[in-house]
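See below for the structure under consideration.
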Amino acid sequence: MLWLGVYAFQSLLLTVLYLRHRRDATPSAAVNDGQWPRVAVQLPIFNEQHVVARLIDTAAALDYPADRLEIQVLDDSTDETTALAEARAAWHRGRGVDVRVLHRPDRGGFKAGALAWGLTQSRAEFIAVFDADFRPHPNFLRRIIPPMLARPDVGMAQTRWSHLNEDYSPITRVQSLALDGHFVVEQTARSRSGLLINFNGSGGVWRRACIEEAGGWQSDTMTEDMDLSYRAQLA
7 MLWLGVYAFQ SLLLTVLYLR HRRDATPSAA VNDGQWPRVA VQLPIFNEQH
57 VVARLIDTAA ALDYPADRLE IQVLDDSTDE TTALAEARAA WHRGRGVDVR
107 VLHRPDRGGF KAGALAWGLT QSRAEFIAVF DADFRPHPNF LRRIIPPMLA
157 RPDVGMAQTR WSHLNEDYSP ITRVQSLALD GHFVVEQTAR SRSGLLINFN
207 GSGGVWRRAC IEEAGGWQSD TMTEDMDLSY RAQLA
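Under the working numbering, the first residue of the sequence shown carries the number 7, and numbering increases by one thereafter.
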């Protein structure tokens, strides 16, 4: 009962903070064409044959200077996903998109291991991460990078998720409602109140220096996103 009371108090507090700050202006910043930093988009996948082509297509459609954007398909797959990813990446390379399918010698560390290994293959200043079931909007980087450039003290930015299959079933509707509550109320309340927020594993951008100063991705936990978030906050 004690823990339930603590959870209820936290939820009430975050709701109050959200109501207090929900109309606060969102900071904006302009970036000149020559000032866009290099960004690596990391797509960690494992046996995602049904969605890998869509994932690569949407990442390749991101509106960002081509000479400052690289896409890493971090492929640990053991099925036909690899061939599908290679074919789609080759097609986009023919259009001038810097997209590579990268394979590790082994799957050590799983997603955290793949993200950490991909970081060694890039010199990008900012790192965006999308899971296989995501479809980033073309203007994603254009919207998220400028505020981070304007605030050098910001090490990570997490965006709200929307839902492709919200109306598929009662279960998906409940899941969508729960996620909306987390992003709209909790994350907004924390961010606009000057409190710390967590990375949700996908749909966000990290400053490379923040990852490295926090000790990098570590695979000794099943929640590598929360683990790195806490270590970054303590660094």
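Every residue, glycine too, gets a C-beta built ideally from N, C-alpha and C.
Residue 212: not part of any alpha helix (DSSP H); member of the beta strand (DSSP E) spanning 210 to 213, first to last residue.
Taking a C-beta distance under 8 angstroms as the contact criterion, residue 231 and residue 206 qualify as a contact pair.
In this chain, the alpha helix (DSSP H) harbouring residue 232 covers 230 to 240.
Of the candidates 148, 221, 36, 163, the residue whose Cα lies closest to the Cα of residue 68 is 148. Cβ neighbours of residue 193 within its own chain (closer than 6 angstroms, five residues either side excluded): 203. In this structure, the alpha-carbon of residue 233 lies about 24 angstroms from that of residue 142.
With respect to residue 72, residue 223 sits apart: the two C-beta atoms are not nearer than 8 angstroms. In this structure, DSSP gives residue 193 a helical state, which the three-state scheme calls helix.
Residue 110 sits close to residue 82, with the two beta carbons spaced by under 8 angstroms. Per DSSP, residue 147 is one residue of the alpha helix (DSSP H) stretching across 146 to 156. Across the structure, residue 189 and residue 240 are spaced so that their CA atoms are roughly 23 angstroms apart. By the criterion of at least three beta-carbon pairs nearer than 8 angstroms, the stretch 53 to 60 is not in contact with the stretch 15 to 29. The beta-bridge partner set that DSSP reports for residue 112 is empty. The three-state secondary structure of residue 75, taken from DSSP, is strand. Two segments are said to touch when three or more pairs of C-beta atoms, one from each, lie closer than 8 angstroms; by this definition the stretch 11 to 18 does not touch the stretch 40 to 47.
When the beta-carbon positions are compared, residue 98 and residue 107 stay at least 8 angstroms from each other.
For residue 181, no beta strand (DSSP E) segment is defined; the enclosing uninterrupted segment is the alpha helix (DSSP H) at 176 to 186. Rounded to the nearest angstrom, the Cβ distance from residue 179 to residue 172 is 6 angstroms, consistent with a contact under 8 angstroms. Between residue 118 and residue 225, the C-beta gap is smaller than 8 angstroms, which places the two residues in contact. Secondary structure note for residue 51: its beta strand (DSSP E) is the uninterrupted segment 45 to 51.
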